[in-house]
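Asker: In the UniProt record's numbering, the protein residues as written are 1 to 57.
Even for Gly, the Cβ is constructed at its ideal location relative to N, Cα and C.
Before we start, here is the structure in question, set down as structure tokens.
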């Protein structure tokens, strides 16, 4: 039997840094999150569906 194991790695800051995120980090995260939440375009969704159907044959 194969057991799954979760390993957590804490990111290390820069040597001599104070561990705080730069001011722009929060804005970048908001931008990333907004892009991730956007729906896929219809033509890309259709292409993925076609590829999925062909893979089942």
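#1: What is the DSSP secondary structure of residue 45, counted as helix, strand or coil?
#2: According to DSSP, is residue 40 helix, strand or coil?
#3: Return the CA-CA distance between residue 57 and residue 50, expressed in angstroms with no decimal places.
Answerer: Checking against the coordinates, here is how it stands:
#1: Residue 45: helix per DSSP, three-state reduction.
#2: coil
#3: 11 Å
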